[in-house]
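First residue of the sequence shown: 30, per our numbering; consecutive thereafter. Just below is one structure, and these are the notes that go with it.
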Amino acid sequence: MKNEVKLYVGESLGKYGFPHGHPFGTDRQDAFWKEAVKRGLDKRSAITDPRMAAEEELRRFHTPKHVAWVKQKSAEGHGSIDYGDTPACPGIYEAAATVAGTALHGLDTIMSGYALRTFQPIGGLHHARPDGAAGFCVFNDVGVVIDTLREQFGIRRIAYVDIDVHHGDGLFYPYEDDAELIYADIHQDGRTLYPGTGHANETGKGAAKGTKLNIPLMPGMGDAEFFEAWEYVEAHLRKHKPDFILFQCGADSLAGDPLAMLQYTPAPHAHAAKRLCVLAGELAGGRIMGFGGGGYNRANLAAAWCGVLDEFLKA
Ligand SMILES: [Zn+2]
Numbered sequence: 030m031k032n033e034v035k036l037y038v039g040e041s042l043g044k045y046g047f048p049h050g051h052p053f054g055t056d057r058q059d060a061f062w063k064e065a066v067k068r069g070l071d072k073r074s075a076i077t078d079p080r081m082a083a084e085e086e087l088r089r090f091h092t093p094k095h096v097a098w099v100k101q102k103s104a105e106g107h108g109s110i111d112y113g114d115t116p117a118c119p120g121i122y123e124a125a126a127t128v129a130g131t132a133l134h135g136l137d138t139i140m141s142g143y144a145l146r147t148f149q150p151i152g153g154l155h156h157a158r159p160d161g162a163a164g165f166c167v168f169n170d171v172g173v174v175i176d177t178l179r180e181q182f183g184i185r186r187i188a189y190v191d192i193d194v195h196h197g198d199g200l201f202y203p204y205e206d207d208a209e210l211i212y213a214d215i216h217q218d219g220r221t222l223y224p225g226t227g228h229a230n231e232t233g234k235g236a237a238k239g240t241k242l243n244i245p246l247m248p249g250m251g252d253a254e255f256f257e258a259w260e261y262v263e264a265h266l267r268k269h270k271p272d273f274i275l276f277q278c279g280a281d282s283l284a285g286d287p288l289a290m291l292q293y294t295p296a297p298h299a300h301a302a303k304r305l306c307v308l309a310g311e312l313a314g315g316r317i318m319g320f321g322g323g324g325y326n327r328a329n330l331a332a333a334w335c336g337v338l339d340e341f342l343k344a
């Protein structure tokens, strides 16, 4: 069924997270799922099981050294995978490889014509770099998808749109000089929030200059400023004409997130999802993958992600 939306949830995917009161706990998938059931979204989606990525798949984006390091730290089960934000708990390798493997399953499903859109709430780990974990992100599932689209499917012109409150540095910098990676990111200003990057003058390097759009918003800004910024994202995508769209819809940009200071209601996430489905239809054969990203207030992530899924189902 061509118009089917695949929704990826399952026990092994929900295990991605960190213990002892860490904001990225393992209860986030469940918070989303309860709300999705309440709204009847589960009945309209094709629910699909997660799968774990093989090492060679992770190495499409990551260095062999980073993959080996995560495996070692996961087996040790203590300490930190990065400089302190991302703890090494037992099984984190398997859980992180499942986030990436599930994204690859979604990609295969779209590329083989079984679906046009996928949504994966536990995913969009946009701070992980090719050679390192960062900011709660162990493996960069979206980076693995981008490099797979290119290597396995020959699709090069890919748009990455990120409305998480944090800048998507783990996707921005590896593709900074890549003219075919069309990047658009609305986030809280890096002078006031981790990871400190994503300034408006960062537009890409060399031949890629102008293919990257960073729109920082100051703390306290909300829906009005988002909707104004959004028009630039649409114009950017229309100008650069991607063949595939990836959407990271972190819910930490909503008012009341414990880690950040933007003030959105759930409306921007639903609007972005709706409009990206329209743009995907016009430019990219309808193909779009959605990833939950950050979001640490459980009610907020449930509302924002269900809004996105609802728009994917209606498109
Ligand atoms: Zn975030």
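Glycine included, C-beta positions come from ideal geometry on N, C-alpha and C.
Check	Outcome
Ligand 1 heavy atom lying under 7 angstroms from the CB of residue 195	yes
Inter-residue Cα distance where the pair is residue 156 and residue 72	33 angstroms
From 256, 251, 185, residue whose alpha carbon lies closest to that of residue 275	185
Residue 194 beta carbon less than 8 angstroms from that of residue 323	yes
For residue 306, the residue or residues it bridges with in DSSP	According to DSSP, residue 306 bridges with nothing at all.
For residue 204, the first and last residue of its enclosing beta strand (DSSP E)	From DSSP, residue 204 is part of no beta strand (DSSP E); its letter is neither H nor E.
Exposed unless 16 or more other CB atoms sit within 10 angstroms - verdict on residue 151	buried
Distance between residue 50 and residue 147 (C-alpha atoms, nearest Å)	30 angstroms
Per-residue burial, residue 230 [other beta carbons within 10 Å of its own, 16 or more giving buried]	exposed
Minimum C-alpha distance to residue 338 - residue among 85, 64, 270	64
The alpha helix (DSSP H) enclosing residue 165, as first and last residue numbers	Element bounds for residue 165: n/a, residue is neither H nor E.
Residue range of the unbroken alpha helix (DSSP H) whose run includes residue 34	Counting along the chain, residue 34 falls outside any alpha helix (DSSP H), though it belongs to the beta strand (DSSP E) covering 34-37.
Residue 192 versus residue 40 - alpha carbon distance	26 angstroms
Run of the alpha helix (DSSP H) containing residue 261, from where it starts to where it stops	252-269
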